[in-house]
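Heads up: the protein sequence lines correspond to chains A and B, in order.
Just so we're aligned, residue 0 is where the first sequence starts under numbering that gives the first Met the number 0, counting upward by one.
Just so we're aligned, residue 0 is where the second sequence starts under numbering that gives the first Met the number 0, counting upward by one.
Ideal Cβ placement from N, Cα and C applies to all residues, glycine included.
2 protein chains.
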Amino acid sequence: MLDLKIAAGTGGQAASLGDAAYREMKERLIRGKYRPGYKMTVRAVAEDLGVSSTPARDAINRLTSEGALVYAGPKTVIVPVLGEQDLKELTTIRIALEGLASEKAAPFGSEQHVELLDEIQGRINAALDAGNYGEALWHNKEFHFHVYEMAGLPHLVAMIESLWLRVGPSLYNLYPEFAQERYGVRNHQMAMEALAERDGAALRAAFENDIRDGYRLLRLAARRSARA
Amino acid sequence: MLDLKIAAGTGGQAASLGDAAYREMKERLIRGKYRPGYKMTVRAVAEDLGVSSTPARDAINRLTSEGALVYAGPKTVIVPVLGEQDLKELTTIRIALEGLASEKAAPFGSEQHVELLDEIQGRINAALDAGNYGEALWHNKEFHFHVYEMAGLPHLVAMIESLWLRVGPSLYNLYPEFAQERYGVRNHQMAMEALAERDGAALRAAFENDIRDGYRLLRLAARRSARA
DNA sequence: TTCGCAAGTTTGTTGCAACAAAATTGCGAC
DNA sequence: GTCGCAATTTTGTTGCAACAAACTTGCGAA
C-alpha cells in the first residue's frame, strides 16, 4: 500500500490528498491497472490508496465527471466497457481533436523535438522487445502528447487527455496484437518526418492514421469480448 | 433559498444531493448567474443551495475537473476569467467539435426538426425583443444542442456542453452588443435551410460562422474588460 | 429441487467537527 | 501617518459516524 500522504506533501505538485488520489487513479487507469467493468467502491479505493473515504470519494467523483469512470447502476461506478458504438464515436472525436492539435503543432517542429521523439520511439521499441506492454503504452502516450503540447493549446491538450483516459483501460484488452503488429512504428516514423519539414497536413495525416490503426485493433478486441 | 432536497427526491433524475447541487450550479453558470472572477467557497455554495458542505464540495470539485471553474490560488476556485488566448483556443476547439457534430447531424434533417428549430428561433427573437438577455442565451443554447443531439453521438455532445460551460459566464459580459446585433439570426436561418436540404457542408459552415461571430463579440468584451 | 422472502452485509451519501493554512484585521511602535 | 507583526477570521481538507438503499445469502415452504 503506497502512502499518498507523502506524495501529496512532497512530490508531484498535488496540493491535497484528494488531488493525489485523483492523479494516482488517473495514472493507474491510463496504465491499464484496472480492467473494463471493474467496480469502483469508495472503501476499496480508500483501502488501496491508504486514505480515508473523503479523498477517495473525491477522486472517484472527478473521474466520473470526466467520463473516465461511468455509472453502471444507481449506486455503482465501474471502469467503462466500451462498445463498438462508443469506440467509433470516440475515434471520430479523437481524429478531430488530435488532428487539430498535431496540425497546429507542425509549425513548431525542430531538430530537438524530432530527436526527443526518436528517443521516445526507441523506448517504445525496447519495451515491445522486452514484452513489457504497459511500458510501451506509456511511452506511446508520451510520444503523442509531446507533439500535442507543442501547439501551446492547454485546453485542447486537457480534452485529449480525458479522451485517452476513457480509451486507456480498453487498450489493455488488445494485448497480443499490439505487440505483434507494432502498428505504431510506421505512423510514428511518418510523423517525425512531417514534423521535421513542418508539414501540418502530413503530420495530421500521420496521426489520423495512427488513431485509425489503433481503432481497428480496438474494434477487433471489442468484438472478441462481446462474443465471449 | 431553494430546496434541492425536493429537486433531488422528485424532479430531474438527480439521484443524490451532490448531483442536484452539481446540476443547479451548472445551470446557473450557463445562465450567467455568476460572473467571471466570482470566488466560489464551499460554505457559500452550501448556504446558497441549502445543503451541507459535502454535496457543495462535490459540486465544486466536479465543475472544477471539467474546467467550468478554475483554481485561482492554493485554496480558491473562481469562475474562469477568459483571456484572449483562452477565447481563441476555445473557439478553435468549438469549431472543430461543433462543426463535426453539425455535419454528422445533417443526414438526420427533417421537416419536424426544422419546424422545432424555427419555433426555438421565435423564442430567441421574442426574448431579444423583450430585452430578456438570459432567456435569449438559453434558447440559443437549445437551438445549437437540438442540432448537435440529432447526430446521436453522446460523448461528443457532452464534450461540447463542457465547452459551453466554460464560455457561458463570459457570454454575459457582452450584453448589449448581442441584443443589438442579433448576430445569430442570419446564421441560424442558414442552418435551418441547410438542415432542410440535409447539406452537411452547408450546415457546418452555418454553425462555424455562428461561432466565429460570437467569438468576435467575445473578444471585444475581453479587450474592454482588460482595459478596465 | 426450486422459488421466494427475510435477515444480514455491502456500499454510497450526508452532515459535522477538528485541523491547518491562508487571508484579513487591528493594534502598536516608529 | 505608515509600516509590521500578531491575533482573529475565513476557508479548504480530512476523517468519521449515522443513515439509507441496494445487494447477497440462506433458510424454509411448496
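Which residue's Cα is closest to the Cα of residue i: the options?
| i | options | result |
| --- | --- | --- |
| A:I77 | A:P35, A:R56, A:Q111 | A:P35 |
| A:E97 | A:A126, A:E118, A:A125, A:R211 | A:R211 |
| B:D198 | B:L219, B:E102, B:E23, B:T91 | B:E102 |
| A:T40 | A:G31, A:A204, A:A125, A:S52 | A:S52 |
| B:I59 | B:A45, B:M189, B:G49 | B:A45 |
| A:T91 | A:N139, A:R56, A:A67, A:G213 | A:G213 |
| A:A200 | A:M158, A:V50, A:P106 | A:P106 |
| B:L155 | B:A129, B:R93, B:L116 | B:R93 |
| B:H145 | B:E118, B:L162, B:E65 | B:E118 |
| B:R185 | B:L28, B:S169, B:A205 | B:A205 |
| A:L173 | A:L28, A:Y132, A:A193 | A:Y132 |
| B:M191 | B:L89, B:L115, B:S64, B:A100 | B:L115 |
| A:L194 | A:I29, A:V113, A:L81, A:E65 | A:V113 |
| A:A67 | A:L28, A:Y171, A:H138 | A:L28 |
| B:D85 | B:Q188, B:R165, B:L202, B:E65 | B:R165 |
| B:L202 | B:R181, B:A150, B:L170 | B:A150 |
Within 10 Å of its beta-carbon, does residue i have 16 or more other beta-carbons around it, so buried, or fewer, so exposed?
| i | result |
| --- | --- |
| B:P54 | buried |
| A:I167 | Residue identity differs from the one stated: residue 167 of chain A is Gly in this sequence, not Ile. It is buried - the Cβ of A:G167 has at least 16 other Cβ atoms within 10 Å. |
| B:R223 | exposed |
| B:Q120 | buried |
| A:E83 | exposed |
| A:L16 | buried |
| A:I5 | Reliability fails at A:I5, whose pLDDT of 45 lies under 50, so the model's placement of it is uncertain and the value that follows must be treated cautiously. Per the 10 Å Cβ criterion, exposed. |
| B:E207 | buried |
| A:R42 | exposed |
| A:Y70 | exposed |
| A:E196 | exposed |
| B:P73 | exposed |
| B:D128 | exposed |
| A:L217 | buried |
| B:D2 | With a pLDDT of 49 at B:D2, under the threshold of 50, the modelled position of that residue is not reliable, and no figure is offered here. |
| A:P153 | exposed |
| A:D209 | buried |
| A:E110 | exposed |
| A:G183 | buried |
| B:L219 | exposed |
| A:A14 | exposed |
| A:A104 | buried |
| A:A157 | exposed |
What residues from chain B crowd round residue i, counting only those whose CB sits closer than 8 Å?
| i | result |
| --- | --- |
| A:L155 | E88, T91, I92 |
| A:A71 | The contacting residues do not exist; A:A71 stays about 13 Å from chain B at best. |
| A:L170 | Near A:L170 there are no residues of chain B at all, since even the closest Cβ is about 17 Å away, more than 8 Å. |
| A:L99 | T91, I92, A95 |
| A:D85 | H154 |
Check the Cβ of residue i against every Cβ in chain B and list those closer than 7 Å, keeping chain order.
| i | result |
| --- | --- |
| A:R61 | N60, R61, S64 |
| A:L96 | A95 |
| A:L152 | E88 |
| A:D57 | N60 |
Starting from residue i, follow the beta strand (DSSP E) in both directions and report where the run begins and ends.
| i | result |
| --- | --- |
| B:A71 | 69-72 |
How would you list, in chain order, the residues of chain A whose beta-carbon sits under 8 Å from the beta-carbon of residue i?
| i | result |
| --- | --- |
| B:L202 | Correct list: empty, because the minimum Cβ distance to chain A is about 16 Å. |
So residue i contacts chain B; which residues on that side make the cut at Cβ distance below 9 Å?
| i | result |
| --- | --- |
| A:M158 | G66, I92, L96, M158, S161, L162 |
Going along chain A in order, which residues have a C-beta closer than 7 Å to the C-beta of residue i?
| i | result |
| --- | --- |
| B:A14 | P73 |
Check for me: the alpha helix (DSSP H) holding residue i runs from which residue to which?
| i | result |
| --- | --- |
| A:V76 | No alpha helix (DSSP H) contains A:V76, which is instead part of the beta strand (DSSP E) from 75-77. |
| B:R27 | 16-29 |
| A:F144 | 132-149 |
| A:G167 | 153-170 |
| A:D57 | 52-65 |
| B:A126 | 110-128 |
| A:E196 | Segment: none, A:E196 is in no alpha helix (DSSP H) and carries neither H nor E. |
| A:G36 | That residue, A:G36, is in no alpha helix (DSSP H); it is neither H nor E in DSSP. |
| B:G98 | 83-104 |
- Message: Three or more C-beta pairs under 8 Å: does that hold for the segment 19-28 of chain B against the segment 11-28 of chain A?
- Response: no
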